[in-house]
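*Asks:*
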């Protein structure tokens, strides 16, 4: 196995930050509205996607596959090197601790923007958080044609920074006011009180893969890029 030399702390160093959602999903057309039958997972495509993902420098090892309902525990620094990728036809999803930060680098926006350059016709939805004493969140919805909403900040501490037009995104997706109410999403609330993660799940609709035990995902141990590794050391080991 190659040496993960970008880290400055040992692999058994205990992670201090906590996060339960560091995901990005690429939905290629067509965009269904009814029941979806997911295609079987494609491990070769998953590996190709991981190798070319913005945060990844190199795949070091392929581990046994797991379901989209399973979340690898983040206890030590070595756990931060684990990502999982699912490729089910026109739905591609990744979970990666490198998508979360608390230093303002906006890795979720950066990764989704690079995907947008390669797939301008895709719907891209992501959410990432890390709890380092207070919870820091970043969420994004990007639609074909340029419509987007991106939020970042410290909910419960101060209003989030919001870029884009949430209402225009909701209209473009055809999400009704009744559906928003069912999910307790009120866009008139303060930005740090809105459940942006739930809005992202609505944007994926029936193509939302997360939490589904019937969907298989590939698991990889990777060396993240030097920039991603630096962000993770700052975000996940915040009391150094």
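Numbering (the working numbering), first residue to last: 16 to 255. Cβ atoms here follow ideal geometry from the backbone N, Cα and C, with glycine treated the same way. It should be emphasised that the depicted structure is a prediction, and the values quoted were computed from it without experimental measurement.
1) Thinking C-alpha only, which one of 221, 174 and 194 is nearest residue 206?
2) Are residue 140 and residue 215 closer than 9 Å when you measure CB to CB?
3) Using only the alpha-carbon positions, how far apart do residue 221 and residue 166 sit?
4) Nearest-angstrom Cα distance between residue 28 and residue 249?
5) Taking the beta strand (DSSP E) that residue 41 falls in, what are its first and last residues?
6) Since I believe residue 74 is in contact with residue 290 (beta carbons under 8 Å), could you give me their beta-carbon distance rounded to a whole number of angstroms?
7) Tell me whether residue 214 sits in a helix, a strand or coil according to DSSP, three-state version.
8) The alpha helix (DSSP H) that contains residue 242, what's its start and end?
9) Are the beta-carbon atoms belonging to residue 218 and residue 177 less than 9 Å from one another?
10) Over the uninterrupted beta strand (DSSP E) stretch that includes residue 73, give me the two end residues.
11) Drop a sphere of 10 angstroms on the beta-carbon of residue 67, count the other beta-carbons inside from all chains shown, and report buried for 16 or more, exposed for fewer.
12) Tell me, which residues are paired with residue 103 by DSSP?
13) CB residue 102 to CB residue 144, shorter than 9 Å?
14) Name the residue from 182, 213 and 189 whose alpha carbon lies nearest to the alpha carbon of residue 197.
15) Return helix, strand or coil for residue 113, following the three-state DSSP convention.
16) Under 6 Å Cβ to Cβ from residue 168, same chain only, skipping five residues before and after it: list those, please.
17) Taking all protein chains shown into account, decide if residue 44 is buried (16 or more other Cβ within 10 angstroms of its Cβ) or exposed.
18) List the DSSP bridge partners of residue 157.
19) What residues in its chain sit with their C-beta under 8 Å from that of residue 82, if we drop five residues either side in the sequence?
*Replies:* On the basis of the supplied data:
1) Looking at 221, 174 and 194, the one whose alpha-carbon comes closest to that of residue 206 is 174.
2) Judged by their CB atoms, residue 140 and residue 215 are nearer to each other than the 9 Å cut-off.
3) If I take the Cα positions, the gap works out to 23 Å.
4) Here the alpha carbon of residue 28 sits roughly 13 Å from the alpha carbon of residue 249.
5) Residues 37–42.
6) The requested residue 290 is not part of the displayed model; the chain covers only 16 to 255.
7) Here residue 214 sits in helix by DSSP.
8) In this chain, the alpha helix (DSSP H) harbouring residue 242 covers 241–251.
9) With respect to residue 177, residue 218 sits apart: the two C-beta atoms are not nearer than 9 Å.
10) Boundaries of the beta strand (DSSP E) around residue 73: 71–82.
11) The residue is exposed, with fewer than 16 neighbouring Cβ atoms inside 10 Å.
12) Looking at the DSSP assignment, residue 103 forms a beta bridge with 106.
13) Their beta carbons are not under 9 Å apart, which means residue 102 does not touch residue 144 by this criterion.
14) The option with the nearest alpha carbon to residue 197 is 213.
15) Residue 113: helix per DSSP, three-state reduction.
16) 175 and 176, listed in sequence order.
17) Answer is exposed; the Cβ neighbour count stays below 16.
18) Bridge partners of residue 157 according to DSSP: 139 and 163.
19) If we look at residue 82 and ignore the five residues flanking it on each side, its Cβ neighbours are 227, 228, 229, 230, 231 and 232.
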